[in-house]
Amino acid sequence: MKSLSAILIFCFITSIAGCGTIIHPERKGQINGRLDSSIILLDAIGLLFFFVPGVIAFAVDFSNGTIYLPGGRTSSLSPEELDEISGNGTIDIQALDAIVQKQTGSNVLFNGEELQAIHLNSIDQLPRDLVASR
191 MKSLSAILIF CFITSIAGCG TIIHPERKGQ INGRLDSSII LLDAIGLLFF FVPGVIAFAV
251 DFSNGTIYLP GGRTSSLSPE ELDEISGNGT IDIQALDAIV QKQTGSNVLF NGEELQAIHL
311 NSIDQLPRDL VASR
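Residue numbers (this note's numbering): 191 to 324.
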């Protein structure tokens, strides 16, 4: 009898709120974005063991928008800004810091040991060189 009660309670809880809604309530209201694989996995586990609560969990997470990863912001340097930071073939850390602070409003420390600058001849080198530098 206790195991039946536990199963019913679990089914009820998963049916009233999807995993993403419980774990990431701050994401409510997002309309689109990249899917969060951890939330999909948790909802799929519910779908695998208890079909109806799993379907409800997916529906709740999609309708609330909590299944999506939070949006980000991207930016790129203009040709003038690129010349400003790397005019003579070396990177001017102070100029780079000023540009990043102007665009993001945040201070980023560019003097740490984890910062590396790698010269690429083409964008195709990027994945290979990133793996090689780790």
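Note that CB positions come from ideal geometry on N, CA and C, so glycine has one too. Keep in mind that this is a model prediction, so the values were computed, not measured.
Taking 8 Å as the threshold (C-beta atoms), are R224 and T256 in contact?
The Cβ-Cβ distance between T256 and R224 does not fall below 8 Å.
At 4 residues or longer, and completely inside the segment 198-258: list those alpha helix (DSSP H) runs for me, N to C.
209-213, 227-239 and 241-254
Cβ of N278 within 8 Å of Cβ of T211?
no
CB of E271 within 8 Å of CB of I289, strictly
yes
Over what stretch of residues does the alpha helix (DSSP H) that includes D287 continue unbroken?
I283 to T294
Reduced DSSP secondary structure (H/G/I, E/B, other) of I308
coil
Rounding to the nearest angstrom, what Cα-Cα distance links F252 and M191 in this structure?
34 Å
Report all residues from its chain with a CB closer than 6 Å to the CB of S193; omit the five preceding and five following residues, and keep chain order.
Nothing meets the Cβ criterion.
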